[in-house]
Amino acid sequence: MHVQHMAPPKNWLKGYPLPTLLRLALLILHTTGNPVDTVLSYAHYNLHNSTFAAYLPVLTSRANVTRVLTASPLNMGLLTPSPPPWHPAPAALRDTVNQVMESDIVKSWPGGLPNLALGFSLRGGALDPMVPNVIGLSSPKEVHEAVAVWREVTSQGDSQAQKRKDAEVAVRNQFASAGWADASWTGRG
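Just so you know, the sequence shown maps onto residues 2 to 190 in the numbering used here.
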């Protein structure tokens, strides 16, 4: 693993919906002549919502953003067995997540939906593998589990990698069938 040391960002945008992040980055570039140093997007690159992949090339080429990061591969806890009560997802999306959790593919996968979701985000799939992924972990056990998933997705052979990808596609298809693939929200559900 290559660790790159970077200076702290001079200016950055975070926490807005992706269209707003892009508009602000473009506005700052065209108003000041200087690009935004860093953009951080939450909950837009995971098994439920992968819209970040479409915005990444536009943020870097058109808005000239120096660094882009994605965060929350577990979609702010939504893709865990116990989503936080403050999570802004609508009730119907929460119900869909519960149905996905109970599906045969997820129940048979070691570590369940959190493991699949974390692996999907860490592997990067449609993203440049150098895009950092910020993960919030709350216990040493979660740190160990995250490192184990990272090791798995960065070193697995072709057959295991294909099994993981097939399971991820099956989960994404469940969200799509329910009408929730790549859905976002603007506030509390």
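We put the beta carbon where it would ideally sit given N, CA and C, even for glycine.
Report all residues from its chain with a CB closer than 6 Å to the CB of residue i; omit the five preceding and five following residues, and keep chain order.
| i | result |
| --- | --- |
| Ile29 | Val37 |
| Met102 | Leu114 |
| Phe53 | Ser42, His45, Tyr46, Thr71 |
Report the rounded CA-to-CA distance for residue i versus residue j, giving the unit in angstroms.
| i | j | result |
| --- | --- | --- |
| Thr61 | Arg95 | 33 Å |
| Ala64 | Asp105 | 43 Å |
| Tyr56 | Lys108 | 32 Å |
| Pro18 | Trp110 | 31 Å |
| Pro252 | Ala147 | Nothing can be reported for residue 252: it is not among the residues displayed for the chain, which extend from 2 to 190. |
| Thr39 | Arg124 | 21 Å |
| Trp13 | Asn76 | 21 Å |
| Asn99 | Pro82 | 8 Å |
| Ser156 | Glu169 | 17 Å |
| Ala149 | Ala93 | 32 Å |
| Gln161 | Gly34 | 47 Å |
For residue i, which residues in the same chain have their Cβ closer than 7 Å to its Cβ, ignoring the five residues on either side in sequence?
| i | result |
| --- | --- |
| Val59 | Leu23 |
| Ala182 | Arg173, Phe176 |
| Val69 | Val40, Leu57, Leu60, Thr61, Val132 |
| Trp186 | Pro89, Ala90, Pro91 |
Using the three-state DSSP reduction, which class does residue i fall into: helix, strand or coil?
| i | result |
| --- | --- |
| Lys166 | helix |
| Trp87 | coil |
| Leu22 | helix |
| Trp13 | strand |
| Thr67 | coil |
| Val37 | coil |
| Ser178 | helix |
| Asn116 | helix |
| Ala184 | coil |
| Ser109 | helix |
| Ser42 | strand |
| Val196 | Because the chain spans 2 through 190 in this model, residue 196 falls outside it and cannot be assessed. |
How close, in whole Å, do the beta carbons of residue i and residue j come, if the pair is a contact with beta carbons under 8 Å?
| i | j | result |
| --- | --- | --- |
| Pro85 | Gly78 | 5 Å |
| Gly120 | Glu153 | 7 Å |
| Ala184 | Asn50 | 7 Å |
| Leu117 | Leu27 | Rounded, the Cβ-Cβ distance is 34 Å, inconsistent with contact. |
Is there at least one Cβ from chain D nearer than 8 Å to residue i's Cβ?
| i | result |
| --- | --- |
| Trp186 | In the displayed structure, chain D is absent; only one protein chain is listed. |
Can you say whether residue i is buried or exposed, counting buried as having 16 or more other CB atoms within 10 angstroms of its CB?
| i | result |
| --- | --- |
| Ser42 | buried |
| Val135 | exposed |
| Ser73 | buried |
Who are the near neighbours of residue i in its chain, counting only those whose CB is closer than 8 Å to its CB and skipping five residues on each side?
| i | result |
| --- | --- |
| Gly16 | Leu41, Tyr43 |
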